[in-house]
Amino acid sequence: MNSLLHQIKQRRLTLGLKQNDMMLRAGVSRQQYQRLESKGNPRLDTLELIAKGLNSELMLIPKEKLSVVMALLEQESLEPDKEHVSQVPKPAKAEATKSLSDHPWQGLLGDDS
13 MNSLLHQIKQ RRLTLGLKQN DMMLRAGVSR QQYQRLESKG NPRLDTLELI
63 AKGLNSELML IPKEKLSVVM ALLEQESLEP DKEHVSQVPK PAKAEATKSL
113 SDHPWQGLLG DDS
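Position one of the sequence shown corresponds to residue 13 (the numbering used here), numbered consecutively onward.
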């Protein structure tokens with residue numbers, strides 16, 4: 013849980029937000045948010061509100077794909093203005109007509125849809 017709480021705090025700091033700002037962005041008081049960052053154990057619906065307030069998404073990433081996803085996110089954070097099209101697996105032949113920019117995560121988690 014500490015990793016998730018650390019990620020939440022880092023995302024808030026990256027966006028230049030204060031704990032007080034989360035009241036307007038996520039609908040939780042500064043005290044609630046401060047308790048979440050320091051002690052943790054939030055409910056799922058609270059996590060979803062926090063993620064929305066931080067312009068983020070909650071996701072389950074299979075462990076076998078975690079290193080690929082983390083590498084992609086790290087690369088994007090180092091070079092935010094560049095597209096990383098070459099890092100994304102090529103779409104299947106049936107998907108060849110769709111633009112990679114329309115589906116940048118296509119195939120990354122092993123799904124064919």
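In this text, a Cβ means the ideal position worked out from N, Cα and C, and glycines have one as well.
In this structure, DSSP gives I62 a helical state, which the three-state scheme calls helix. A Cβ-Cβ contact shorter than 8 Å links E60 with L70. Around the Cβ of L66, a 10 Å sphere holds 16 or more other Cβ atoms; the residue is buried. Rounded to the nearest whole angstrom, the C-alpha separation of V40 and Q31 is 10 Å.
In this structure, DSSP gives V81 a helical state, which the three-state scheme calls helix.
Non-local beta-carbon contacts of A63 in its own chain, meaning distances under 7 Å to residues more than five positions away in sequence, involve E69, L70 in chain order.
Spanning the alpha carbons of N14 and G52 requires a straight line of approximately 8 Å. Here DSSP, grouped into helix, strand and coil, assigns E49 to helix.
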